[in-house]
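Residue numbers (full-length UniProt numbering): 1 to 582.
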């Protein structure tokens, strides 16, 4: 049993002042086999605390169906951190941002068009309550007051950047307390007037998030919170990458100087991130301020540990600063995790998407081309099919508000691509006997930050030829949670040109090690290793590799399935021992 709280301007643990030196590691971005490795490296760097978000959509992927196993076993992660001598800060707010799909909110919330998110909306709060009823009791024995490692918990995340509903903030705060969260509660916001005004709530410590100018940020915080410990809850020592943009980086010396300034102010700090990890599968988020900007699968974040968990230049620069402000532990760094280049893997067979639709999906008939959420789908792809009578000429096909990227086919022939950020119209000639239209839409990740978070996927406003809306659609949801129904063929690769198809190859592993897979000569798609969704690749970059942790491999034969949207003649992928983030 221990106590953690506030006395004056200090955090106190068991009655003694403590400076929180924390680093963020998200359990849901790291395979469980590597949690201990990452936590030990955190401790060896000089940190005394680990912080993690809790992602609602990881734990309740479908309404009422909860998951707390494998990579979702947050209780195990917290216990492990405690066993290693670390304190834990948990951020189980309904919304987390985190460059994570929909900011951690489950996509099924969008089935209710009338629900208002992140405010005092009874329909929304009923869903939050059901989630908290399942989640929060799991944390109760892990609180420091009950002998566990959890010392603090966040009620909402950067709420002042989004809204100003104090009744909502109070409801979430009270919901945590009534469920036994007898622990220090806090919020975190940017150090600007409107953010602090909107995000603060009575009885809850306010912290601030920033990447530089610590003294300025803390002065602004003091205008609103004259007393209490200073803490940067998110020290942005790196940054994330979007597709179609440059790889982001920040010099280690700049990070060390910013940390020095912060610690000289007497503040506590949480590094966002200490280790970023990976947005496996379809769970990357996106920004949309001026335009839609999907986040890549790598969450390397240019931080203290790289995506594969190895210390970077920043690790040693930060450790050098920390040793001037804290007694560094005797914890030794774990041995480096081996990396191997397994070489080329040739795709031996393929399965065209359109001939396989009935094996992969249960079709749904609808008058309009409804979005994913209206057919009970959260992630992946969706195909819309209809028939247009003919003849018609001099007209263009218009997809109103496609989210996010659509490939259009007429009688199986590729017509063109329509992108959310490039909503072109496609000229379409319809012969006398009509034409079948198939539209393959990819959900590239729901918006996780800002005013445009309500982000249904698929086709949201209809399809028209000229000014005539098209009705009577057959919809094929393709979440690709399982590829069991696929039937592969060994026809020549030339047969798959310009057609979306699955490609299958096998390779032998004698001794598992971390590796990275490259897709040179491919265009855009998703890769599955032994049934595990590694994530997306795209020739536009910046990322050129997908990280493959060793636990995903098998000793002996392994299967790689690649879903390529545009067809390929390459037929080969390559496993290398080095990441290429652009």
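Ideal Cβ placement from N, Cα and C applies to all residues, glycine included.
Whole angstroms are fine: how far does the CA of residue 271 sit from the CA of residue 376?
Each residue's alpha carbon lies about 37 angstroms from the other.
At the level of alpha carbons, what is the spacing between residue 310 and residue 372?
Cα to Cα, the separation comes out at about 38 angstroms.
Rank 436, 508 and 401 by C-alpha distance to the C-alpha of residue 415 and give the top, closest one.
Nearest of 436, 508 and 401 to residue 415, Cα basis: 436.
Just the Cα atoms here: how many angstroms apart are residue 489 and residue 500?
Whole-angstrom Cα-Cα distance: 14 angstroms.
Determine the burial state of residue 290: buried for a count of at least 16 other Cβ atoms within 10 Å of its Cβ, exposed for fewer.
By the neighbour-count rule (16 or more Cβ atoms within 10 Å), residue 290 is not buried but exposed.
Does the stretch 546 to 565 come into contact with the stretch 16 to 36, if we say contact requires no fewer than three beta-carbon pairs (one atom in each stretch) closer than 8 angstroms?
Counting Cβ pairs under 8 angstroms, three or more are found: they touch.
Helix, strand or coil for residue 525, going by three-state DSSP, please let me know.
The answer is strand: DSSP assigns residue 525 an E or B state.
Report buried or exposed for residue 362, applying the criterion of at least 16 other Cβ atoms within 10 angstroms of its Cβ.
Residue 362 should be labelled exposed.
Does DSSP put residue 162 in a helix, a strand or coil?
In this structure, residue 162 counts as coil in the three-state DSSP scheme.
Taking the alpha-carbon of residue 157 as reference, which of 257, 407, 205 and 469 has the nearest alpha-carbon?
Checking every option, the nearest Cα to that of residue 157 belongs to 205.
Give the list of continuous beta strand (DSSP E) stretches no shorter than 3 residues that lie fully inside the UniProt domain "Beta-galactosidase galactose-binding" (500 to 558).
Here the runs fully enclosed are 501 to 509, 515 to 518, 524 to 529, 532 to 538 and 545 to 548.
Near residue 60, which residues of its chain fall below 7 angstroms by C-beta distance, leaving aside the five closest residues on each side in sequence?
Contacts found: 66, 106 and 131.
Helix, strand or coil, according to DSSP, for residue 421 in the structure here?
It is coil, neither helix nor strand.
Considering only C-alpha positions, which residue in the set 94, 561 and 45 is nearest to residue 352?
Measuring from the Cα of residue 352, the nearest candidate turns out to be 561.
Does DSSP put residue 66 in a helix, in a strand, or in coil?
Coil, per DSSP.
Can you find a C-beta in chain D that's less than 8 angstroms from the C-beta of residue 151?
Of the protein chains in the structure, only one exists, and it is not chain D.
Given a cut-off of 8 angstroms, decide if residue 23 and residue 661 are closer than it, judged by their beta-carbon atoms.
What the structure shows of the chain is the stretch from 1 to 582, and residue 661 is not part of that stretch, so it cannot be assessed.
Residues bridged to residue 438 by DSSP?
Residue 438 pairs with 385 and 409.
Starting from residue 209, follow its DSSP beta bridges and name the residues at the other end.
Beta-bridge pairing links residue 209 to 234.
For residue 354, which three-state DSSP category applies?
If DSSP states are grouped into helix, strand and coil, residue 354 belongs with the helices.
Take the Cβ of residue 227 as the centre, count every other Cβ of all protein chains shown within 10 Å, and call the residue buried at 16 or more, exposed below.
Exposed, because fewer than 16 other Cβ atoms sit within 10 Å of the Cβ of residue 227.
In chain order, what are the residue ranges of uninterrupted beta strand (DSSP E) at least 3 long that sit wholly in the stretch 208 to 282?
As far as the stretch 208 to 282 is concerned, its whole beta strand (DSSP E) runs of at least 3 residues are 231 to 236 and 268 to 275.
Assuming residue 485 is part of the beta strand (DSSP E), what are its boundary residues?
Looking at the DSSP string, residue 485 is not in any beta strand (DSSP E), and its letter there is neither H nor E.
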